Amino acid sequence: MDPAIVQPLMELGPPLVLLVAAYFTGRYIEVQHYRDIRRREIRWRNLAAVTFRQVPKAWSVEEATLVTGSVVISVDHFKRFLAGLRMIFGGRVRSYESLLDRARREALLRLKEAAAERGCSAIMNVRLETSRMASSRRKGKATAGVEVLAFGTGLRLRRSAA
Amino acid sequence: MKFDARLPADGVNVTPTHPLEELGVLLAGLLGVVVVLVLAATLAVDQLVQRLPADVESRLFAHLGSASDPADDPRSLAVGKLLGRLARHWPERPYAFRVEVLDEPEPNALALPGGLVLVTSGLLESCESENELAFVLGHELGHYAGRDHLRGLGRGVALLLVLGALGAVDAGSAGGLATLAGDIAGRSHDRAQEVRADAFGIGLVQAEYGHLAGSTGFFEKLPTPASAVERSVAHYLSTHPLGDERIATLRRLAHERGWTFDGDLTPFSTASR
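Just so you know, the protein sequences line up as chains W and E, in that order.
Quick note: the first sequence, position 86, residue 87 per our numbering, numbers continuous.
Quick note: the second sequence, position 114, residue 300 per our numbering, numbers continuous.
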């Protein structure tokens, strides 16, 4: 083959293959994750996770305990590529929206699961926090991932009082 | 208080755009921006270089060409002498021309900025007479007369500037940049420029030899597409008019001016220096 064709093919080929592969794997994982999130949200829908700071008067609390749910997510190559293009034009970085949405919902679900393990039937004062995890590359300026932490006060309620 | 166990809303925080749609829109936008930038930069550089005085141009591009002394190459000397003879018929020429021979099998000649004419060894081997080579050189001189070589350069530089700004091209190697720009310049003359350069070249050949014998030899060797479809495809792809059309145009021009294609061919040899 003509070297004038082979040369750009050799340079563009591997990144392109990586991008296509990242699209398909990222897409597959996202669809599967959303399916799992939906299933668990239905399962835990009756465990209340609310943002009240005061215990409602009607609730009779037997025990209160700190519960947390946390998830670390990383962006895939395709989403990063889209975000990179976005950075040229500005506007909503749509490719990250679903990623962070999944992270928040996953963190809340883990919070509920942690609360359920301790026999809590409600969580109050629920808060969400996001923090960036620095990568060792580029003197810590690169991002290894983002942690979404959900925490709150798990309440064991007396059934009779409710 | 009543707890209403509703499921979280799906998709409030997620724009329901398919990622591939997003990719398409962004890539199309990027392409549009690049095209607009290249066009704008091309126009700007074109306007600038056409006003560039020839002596400034010669100084700017004095470094173009190989490091070795072209005087060492008998072929360069021979072609240079022929070019000098032709250039004498263009008294107001603003350049001091230099010639270098590239070892490439493909017969070709390039007019680079600053008056450097590149001739491939393939061209020298394929030329059957001095007259034939003289016309090719005259054609390149025609590009200098129209300053077409700079127009192409403008395009090349503009493209490189924009791509470099976008980070697509490593802007570190300035020498490579200039060479590449020159390379693009050599390729990107349009057809109208080629026709004008042909007319200029044939005038020089007529002035030098008193006839045009052998001057269309280079075009006669170009492959001529046979079918109509092939012709239209070749038309679309090529920046140069097709060989047989150029011959026809030249014959018409020669007829108008009363020039003849009959005459004795002068042999050309690089070894006989």
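Note that the Cβ used here is the ideal one computed from N, Cα and C, for glycine as well.
Values in this document were obtained by computation on a predicted structure and should not be read as measured data.
Within 10 Å of its beta-carbon, does Arg106/W have 16 or more other beta-carbons around it, so buried, or fewer, so exposed? buried
Among His335/E, Ala195/E, Leu225/E and Glu380/E, whose alpha-carbon lies nearest the alpha-carbon of Pro299/E? His335/E
Which residue's Cα is closest to the Cα of Trp142/E: Ser455/E, Gly403/E and Glu394/E? No information on residue 142/E is available, as it lies outside the stretch 187 to 459 that chain E covers here.
Per DSSP, the bridge partner or partners of Thr446/E: Answer by DSSP bridge pairing: none, since Thr446/E is not bridged.
For Gln236/E, collect the residues of the same chain with a Cβ closer than 7 Å to its Cβ; drop the 5 residues on either side in sequence, then sort them by chain order. Arg333 and Leu336
Compare the C-beta of Ile89/W with all C-beta atoms of chain A and state if any pair is closer than 8 Å. Looking at the structure shown, chain A is missing, and the protein chains on hand are W and E.
For Asp289/E, which of Ala282/E, His275/E, Leu309/E and Val303/E has the nearest alpha-carbon? Leu309/E
Looking at the C-beta of Leu130/E, does it have a partner C-beta in chain W at a distance below 8 Å? It is not possible to answer for residue 130/E, since the shown part of chain E is limited to 187 through 459.
Just checking my contact of Val147/W with Leu129/W at CB under 8 Å: how many whole Å lie between their CB atoms? Contact doesn't hold; Cβ gap of about 12 Å is too wide.
Could you spell out the range, first to last residue, of the alpha helix (DSSP H) harbouring Ser96/W? Arg95 to Glu118
Status (buried if at least 16 other CB within 10 Å, exposed otherwise) for Tyr281/E: buried
Given this structure, state the Cα-to-Cα distance separating Gly301/E from Arg261/E, to the nearest angstrom. 18 Å
Out of Leu216/E, Leu436/E and Pro291/E, state which residue places its alpha-carbon closest to the alpha-carbon of Glu380/E. Leu436/E
Let's see if you can read the secondary structure: which residues bound the alpha helix (DSSP H) around Ser315/E? Run containing Ser315/E: none; DSSP gives neither H nor E here.
Could you tell me whether the stretch 191-201 of chain E touches the stretch 10-20 of chain W, where touching means 3 or more Cβ pairs closer than 8 Å? no
Measuring only between beta-carbons, confirm whether Leu217/E sits less than 8 Å from chain W. no
Candidates Leu158/W, Thr154/W and Arg159/W: closest to Arg54/W by CA position: Thr154/W
Burial state of Ala317/E, where buried means 16 or more other Cβ atoms lie within 10 Å: Rather than Ala, the amino acid found at residue 317/E in this sequence is Asn. Looking at its Cβ environment, which holds 16 or more other Cβ atoms inside 10 Å, Asn317/E is buried.
Check this for me: beta carbons of Val224/E and Leu345/E, under 8 Å apart or not? yes
Nearest-angstrom Cα distance between Ser244/E and Pro293/E? 26 Å
What's the gap between the Cα of Leu304/E and the Cα of Leu100/W? 57 Å
Enumerate, from N- to C-terminal direction, the unbroken alpha helix (DSSP H) stretches of 4 or more residues contained entirely within the stretch 191-254 of chain E. 205-236 and 240-246
Arg44/W to Gly215/E span [Cα, whole Å]: 44 Å
In angstroms, rounded to a whole number, what distance separates the CA positions of Ala226/E and Ala108/W? 50 Å
For Ala135/W and Ile38/W, I'd like the C-alpha separation in whole angstroms. 27 Å
Are the C-beta of Thr446/E and some C-beta of chain W separated by less than 8 Å? no
Is the Cβ of Ser122/W closer than 8 Å to any Cβ of chain E? no
Indicate whether at least one CB of chain E lies closer than 8 Å to the CB of Phe25/W. no
Cβ contact check for the stretch 91-98 of chain W and the stretch 115-129 of chain W: 3 or more pairs under 8 Å: no
If you draw a straight line from the C-alpha of Thr131/W to the C-alpha of Arg159/W, how long is it? 33 Å
Name the residue from Gly400/E, Arg279/E and Ala273/E whose alpha carbon lies nearest to the alpha carbon of Leu319/E. Gly400/E
Would you identify the three-state DSSP class for Leu451/E, choosing helix, strand or coil? coil
For Leu212/E, would you say it is in contact with chain W, using Cβ-to-Cβ distances shorter than 8 Å as the test? yes
Among Leu156/W, Ile30/W and Lys113/W, which residue has its Cα nearest to the Cα of Ser75/W? Ile30/W
Other residues of its chain near Ala117/W: CB distance less than 8 Å, five sequence neighbours each side excluded: Trp45 and Leu48
Start and end residues, alpha helix (DSSP H) containing Ser262/E: Pro260 to Ala273
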